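If you read the sequence shown in this note's numbering, its first letter stands for residue 1, the second for the next number, and so on. Using N, Cα and C, we set each Cβ at its ideal position, and we do this for glycine too. Remember, it's a predicted structure, so these values are computed and weren't measured experimentally.
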Amino acid sequence: MLPRPNSKAVDRRERLKIPESEPPRRPPEERVADFAEPWAPIGLEWAKLAARRCIQCPSAPCVKACPLGNDIPYALWQLEHGDVVAASRLFHATSSMPGICGRICPQTELCEGACVYIKQDRVPVPIGRLEAWVTDRAAEIGSIPRSPPSRPTGRQVAVVGAGPAGITAAERLVGQGHEVSMFDAWPAAGGLLLYGIPGFKLSPDRVRERVRRIGELGIRLFPETRIGTGLTVDDLVDRGFDAVLLAIGAGIGRPLAVEGAGLGGVHQATPFLVRSHTPPELLPEGTTPLTEIGARVAVIGGGDTAMDCVRTALRLGAQEATVWYRRTEAEMPGNPRDRKLAVMEGARFEWLATPLGLEGDARGRVHSLRLVRMELGDPDASGRRSPVALPDSEFEVPVDDVILALGYLPDEGFVGRIAGLDTEPDGRIRVDPATGETSRPGIYAAGDDVLGPALVVDAVAHGIRAANAIHEFLSSGGSAANR
Ligand SMILES: Cc1cc2nc3c(=O)[nH]c(=O)nc-3n(C[C@H](O)[C@H](O)[C@H](O)COP(=O)(O)OP(=O)(O)OC[C@H]3O[C@@H](n4cnc5c(N)ncnc54)[C@H](O)[C@@H]3O)c2cc1C
């Protein structure tokens, strides 16, 4: 691996002159005809030149903007000199999932948003695309960094939830010599990476390839095992697990409290995405794949999930797929990049309108959506101007399917039943922010169940934090049984 460059080795003025180019994507009309990832192939020369645009800022704002503190400039330095394996190792040093984060992090809000080129109104260094590319290339040539196994400690940890937070923690704990069992309600590991995020952002094959390593590391996975129904967290402690990590996400879809929300053709976002994207053999028994949709689709909501749903509807054959949002584009949460892609693929947006009800036919299937126009009033608790209904502005639009993407809530039904576990008023698990330990000694929490709906990179960071704290707890003789 090349040493870190000193400032004399980097001619910043020359680098700033290198022509910029966005990572090539397949054309929108091709993308919308399939469920594959959007990228067109790039080669080593393209990647080296793109990496060379990094001016190796001494203050490294991109590193500061990365929740994992990835050493981006040093990895790009390796890449521009053609050492793909070294670059990949540097990304792996701080991230358990660089190939995944490189694809689906909202880089425009994180590392790339902090890149110096942004201040000059120029295209930033395509950090995400390069991170994913070097990780893939290194894996293809068989170079996935693995830590040497530690001496077995004989201590046992139960990880509840096999999403990015749980997987990251489990892998780290097993590397620290502990025995790890991981329980998940779905038939396969991956959490929302597999059962939520669409294939056109992250291919399910790539997730499967990534989670295959869980077994190779000796982690015992118990799929289709929902803790709390039958086996409880206290049962796990009574069966000898010295520590428990709760990494169950925030997977309960927020309901739409209007008449007609239970009609046929009205879908909650996650079941809709799961049925549309998950390989059929990984669906729970009795869940049927969704291969087509009606011609007129309404998506209610404005965040990233709404973008995933509208783009999925277009791929399932919708002729007219419209996102209905109660504020304006300026207040829309989520990643502007995904919004731009949705527009390119044919999605329509209707701002300042909120549903009042859904009307169905004699068979109980939705056929129209009743809405009211809104205007923006005073700011609410989130700081955004709150929408207020305009009098006498009700209207109706015909629909064939409606998808509800109104946000997610933690599973209070599960956490509320764990004795002695403190929660926040909105149902998130309350933890010590330095360790992830809950109000129950030996029980930790990480990821969306602590943060509320967040990002994969945050879940990974939480998984690392919780694993380190659990290791310390166990190394000092702690046990969840001593309560
Ligand atoms: C549609 C959608 C698109 C998204 N797109 C992006 C994106 O592009 N980029 C990004 O960074 N983030 C994205 N996110 C957010 C990201 O997926 C989450 O922040 C991340 O997956 C959280 O990880 P986690 O491990 O905390 O939880 P999850 O990934 O939700 O995993 C939790 C796991 O716990 C299991 N579980 C729950 N309850 C139990 C129980 N009682 N017993 C056993 N198992 C249980 C679940 O089955 C699940 O597998 C998206 C989210 C959604 C919904």
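May I ask whether a heavy atom of ligand 1 can be found less than 7 Å away from the beta carbon of residue i?
i	result
Pro-271	no
Gly-228	yes
Val-207	no
Ile-104	yes
Asp-400	no
Val-237	no
Ile-197	yes
Asp-449	yes
Arg-201	Reading off the sequence, residue 201 comes out as Lys, not Arg. Yes, ligand 1 has a heavy atom inside 7 Å of this Cβ.
Trp-186	yes
Val-160	yes
Leu-455	yes
Asp-426	no
Phe-414	yes
Ala-459	yes
Ile-248	yes
Ala-165	yes
Phe-183	yes
Thr-278	no
Leu-192	yes
Along the chain, where does the alpha helix (DSSP H) containing residue i start, and where does it finish?
i	result
Gln-78	72 to 80
Asp-411	Counting along the chain, Asp-411 falls outside any alpha helix (DSSP H), and DSSP gives it neither H nor E.
Val-450	448 to 451
Glu-329	That residue, Glu-329, is in no alpha helix (DSSP H); it is neither H nor E in DSSP.
Gly-99	98 to 104
Lys-17	12 to 17
Ala-342	336 to 344
Following the continuous beta strand (DSSP E) through residue i, name the residue where it begins and the one where it ends.
i	result
Arg-151	Looking at the DSSP string, Arg-151 is not in any beta strand (DSSP E), and its letter there is neither H nor E.
Arg-210	Unbroken run through Arg-210 is the alpha helix (DSSP H), 204 to 216; no beta strand (DSSP E).
Asp-484	What the structure shows of the chain is the stretch from 1 to 483, and residue 484 is not part of that stretch, so it cannot be assessed.
Trp-133	Run containing Trp-133: none in the beta strand (DSSP E); it sits in the alpha helix (DSSP H), 127 to 140.
Ile-443	443 to 445
Phe-241	It is not in any beta strand (DSSP E) - Phe-241 carries neither H nor E in the DSSP assignment.
State the CB to CB distance for the pair residue i and residue j, rounded to an integer number of angstroms; the pair is presumed to be in contact (CB under 8 Å).
i	j	result
Gln-78	Leu-2	6 Å
Trp-307	Ala-353	Note that residue 307 corresponds to Met in the displayed sequence, not to Trp. Actually they do not touch by this definition, with Cβ atoms about 17 Å apart.
Cys-111	Cys-66	5 Å
Val-456	Leu-193	7 Å
Asp-400	Arg-296	5 Å
Gly-260	Val-366	7 Å
Arg-53	Glu-20	7 Å
Glu-224	Pro-255	Incorrect: roughly 26 Å between the Cβ atoms, too far for contact.
Within 10 angstroms of its Cβ, does residue i collect 16 or more other Cβ (buried), or is it exposed?
i	result
Thr-288	exposed
Asn-335	buried
Leu-44	exposed
Phe-272	buried
Gly-102	buried
Glu-331	buried
Glu-437	buried
Glu-29	exposed
Ile-141	exposed
Determine which residues share a DSSP beta bridge with residue i and list them.
i	result
Ile-403	His-267 and Val-299
Phe-272	In DSSP, Phe-272 forms no bridge with anything.
Trp-39	Arg-25
Ala-389	Met-374
Trp-324	Ile-300 and Glu-350
Ile-429	Thr-423
Glu-359	Ser-368
Phe-183	Val-160 and Phe-222
Glu-394	Val-372
Ile-252	Leu-409
Glu-437	Tyr-444
Glu-259	Gly-357
Measuring only between beta-carbons, confirm whether residue i sits less than 8 Å from chain C.
i	result
Gln-156	Looking at the structure shown, chain C is missing, and only one protein chain is on hand.
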